[in-house]
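Student: Under my numbering, the sequence shown has 147 at position 147, and the numbering climbs by one with no breaks.
Ideal Cβ positions, reconstructed from N, Cα and C, are used throughout, including at glycine.
In this text the structure is predicted, and so the values were computed from the model without any measurement.
Just dropping this structure here.
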Amino acid sequence: MRKNTFVVFILFSVASLCFFSDSVSASEQDAAAALIERLIEKENPDNTGAAYLRKLTPHLFDYLRHGFPGEALAPLYQAGSLAELRTLLTKQVGPEVLDFGSRMFDFFEAQADQMKPVALNSWRAAVSDRFVFFYRPGSRAEEDADFISASSEETLSAIISSLDIESEAGRNTRLLHVSRPDDMAAADLLSTGRICVYLHPGRASAADQLKKSMGRMTFGATVLSEGEDKGAGRLTARIDVVYLNAFSLAVLHHEIAHAALFLGSFDAAPLQAKALRGEADLRKAFFAGYKPIPPFLQEGIGDYIFYYRVLYPRWPLLAPPAEIVRGLLASREFIPLKRLLKEGAAFRSQRRKAYSLEAATVVDFLLRTHGPAKLKAWFSSPEKDGARSFERAFGYSVEELESRWKASLLGEGER
């Protein structure tokens with residue numbers, strides 16, 4: 001089906017990306033595997049929690065073995081609980097957990113570059129309830145396909161329920177148009193009503209789309225130009241992620257949150273009101289329904305889903321988010337909330353992950369304190385000034401928000 005495509009909304013989730021991999025002894029692999037099974041027996045997580053421990057922990061130890069001497073890691077293999085392992089890891093990693101994560105992704109990317117090349121001339125597709133996943137044959141994403149699918153569906157459900165946008169997101173999801181990659185066989189028919197996810201084994205697969213980022217979500221609209229629905233407006237949502245291993249789910253979950261926000265806030269009525277006759281009609285209809293969500297909320301909700309709802313609660317082996325942000329409060333790099341709300345460029349700075357995490361703890365505070373209704377009113381507002389739209393939705397100032405949020409972080413209670 002031919003169509004005119006109009007892409008309007010791009011968001012980035014970036015990890016700075018140069019380490020190299022050596023061989024790992026069988027005894028080290030066995031020690032890590034024994035640790036994982038001992039922790040599962042001790043903690044008795046559900047099947048999903050056990051799957052995260054088995055998928056993520058071996059990659060963590062791959063990195064640790066190349067960054068720390070063996071004698072420093074020996075106590076970690078003997079940890080008797082998740083809490084003990086987290087304490088031991090914190091001693092090794094130090095307070096700069098976000099920098100540790102960035103270096104770990106550097107290592108994973110360099111490690112992937114040394115693996116057997118993956119053919120980049122074809123795609124395969126896997127379909128779940130609300131996603132179509134495209135991956136290269138022989139890639140790590142193909143190996144993890146079932147886990148990625150289940151994790152993505154859980155993430156989308158979690159963010160939609162957290163924000164109370166089930167009806168809005170469901171209605172707009174049904175309008176999603178799915179396009180087949182140019183190098184996929186024409187016989188591969190794909191269902192509509194799904195978010196497209198491209199899982200790239202490296203940057204070469206992503207061409208120019210992921211030169212400086214690990215992930216991107218693009219939201220837009222299109223006009224169908226053939227068939228009985230000719231002239232009908234449809235939405236498009238595409239996520240591109242460099243999938244190195246299961247840790248890349250952190251990036252994917254962040255981008256899924258962006259997609260959920262878009263689907264939950266967009267008003268599709270203008271897009272469906274009449275047959276559209278070209279790009280001018282499409283632009284007018286799209287922007288009539290588009291809500292400009294502040295970067296503070298985009299990035300904060302993106303990290304909220306990772307730290308508070310899905311991945312971190314399943315795999316709590318690094319410092320919890322509130323602890324990291326308490327350290328940020330005492331540093332010169334802390335940005336007051338009012339400035340952070342007004343200056344979206346802060347989320348493109350070198351400390352973007354710190355600011356995204358800061359925003360995530362604010363989102364968590366607001367949801368715990370007020371529930372989803374006021375937060376929903378905030379991100380659904382057509383007002384472009386994030387501070388002003390916050391004050392209208394919540395009924396108090398951003399300065400008061402900062403005071404209450406800090407008190408909560410520092411354990412002083414909420415006023």
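1. Tell me the DSSP secondary structure of D267 in three-state form.
2. Report all residues from its chain with a CB closer than 6 Å to the CB of F394; omit the five preceding and five following residues, and keep chain order.
3. Roughly how many angstroms lie between the CA atoms of A246 and V325, to the nearest whole one?
4. Nearest-angstrom Cα distance between A407 and V362?
5. Tell me the rounded alpha-carbon separation between F61 and D267.
6. So, helix, strand or coil for D22, using DSSP?
7. Can you give, in chain order, each stretch of the alpha helix (DSSP H) that sits fully within the segment 98-136 and has at least 4 residues?
8. Cα-Cα, which of E391, F296 and W405 is closest to A354?
9. Using three-state DSSP, classify D146 as helix, strand or coil.
10. Please report the distance separating the alpha-carbon of S21 from that of P45.
11. Shortest alpha-carbon distance to L82 belongs to which of R314, S149, A158 and R194?
12. Which partner residues of R174 appear in the DSSP bridge assignment?
13. Apart from the five residues just before and just after F68, which ones in its own chain have a Cβ nearer than 7 Å to its Cβ?
14. First and last residue of the alpha helix (DSSP H) that includes I301?
15. Roughly how many angstroms separate the alpha carbons of S149 and F134, rounded to a whole number?
16. With V197 as the anchor, note down where its beta strand (DSSP E) starts and where it stops.
17. Does DSSP put R38 in a helix, a strand or coil?
18. Where does V241 sit, in a helix, a strand or coil, going by DSSP?
19. Using a 10 Å radius around the Cβ and a threshold of 16 neighbouring Cβ atoms, would you call R277 buried or exposed?
20. Return helix, strand or coil for R216, following the three-state DSSP convention.
21. Along the alpha helix (DSSP H) that carries S408, what are the first and last residues, could you check?
22. Can you give the Cα-Cα distance for Q298 and F365, rounded to whole angstroms?
23. Using CA atoms only, rank isn't needed, just tell me which of Y308, G80, D385 and K342 is closest to E41.
24. Thinking just about the alpha-carbon of each residue, which of K376, F390 and Y396 is nearest to the one in S167?
25. CA-CA distance, I159 and I256?
26. So P201 and Y243 are in contact, right, with Cβ under 8 Å, and what is the actual spacing, rounded?
27. Please state whether DSSP places V310 in a helix, a strand or coil.
28. For a test of the three-state rule: what should DSSP assign to Y290, helix, strand or coil?
29. Within its chain, find whatever has a CB closer than 6 Å to the CB of M104; leave out the 5 residues flanking it on each side and keep chain order.
30. Using 10 angstroms around the beta-carbon of L410, count the other beta-carbons present and answer buried if the total reaches 16, otherwise exposed.
31. Compare the beta carbon distance of A169 and G264 with 8 Å and say whether it is the shorter of the two.
32. Consult DSSP for W417 and reduce its assignment to one of helix, strand or coil.
33. For I195, which residues of its own chain have a beta-carbon under 7 Å away from its beta-carbon, when the five flanking residues on both sides are left out?
34. Taking the alpha-carbon positions, what's the R140 to T369 distance?
35. Once the 5 residues before and after R163 are set aside, which same chain residues still bring their CB inside 7 Å of it?
Tutor: If we stick to the structure as given:
1. Note: D267 maps to coil in three-state DSSP.
2. K374, listed in sequence order.
3. 25 Å
4. 12 Å
5. Cα to Cα, the separation comes out at about 46 Å.
6. Reliability fails at D22, whose pLDDT of 44 lies under 50, so the model's placement of it is uncertain and the value that follows must be treated cautiously. Correct three-state label for D22: coil.
7. None, since the segment 98-136 contains no complete alpha helix (DSSP H) of that length.
8. Here the closest residue by C-alpha is F296.
9. helix
10. In this prediction, S21 scores a pLDDT of 38, lower than 50, which makes its location untrustworthy; the coordinate-derived value is nonetheless stated afterwards. Distance between the alpha carbons of S21 and P45 is about 31 Å.
11. With respect to the C-alpha of L82, the residue from R314, S149, A158 and R194 having the closest C-alpha is R314.
12. None, per the DSSP bridge assignment.
13. Q92
14. P295 to Y304
15. 11 Å
16. Bounds of the beta strand (DSSP E) holding V197 are I195 to H200.
17. helix
18. Correct three-state label for V241: strand.
19. Exposed, since its Cβ has fewer than 16 Cβ neighbours within 10 Å.
20. strand
21. V398 to L409
22. 16 Å
23. Here the closest residue by C-alpha is G80.
24. K376
25. 9 Å
26. 7 Å
27. coil
28. In the structure shown, Y290 falls within a coil segment according to DSSP collapsed to helix, strand and coil.
29. Y63
30. exposed
31. yes
32. Absent from the structure is residue 417, since the part of the chain shown begins at 1 and ends at 415.
33. R130, F131, L176, A237, I239 and A259
34. 41 Å
35. Note on identity: in this sequence residue 163 is Leu, with Arg being the wrong assignment. Closer than 7 Å at Cβ, skipping near neighbours: G264, P372, L375 and K376.
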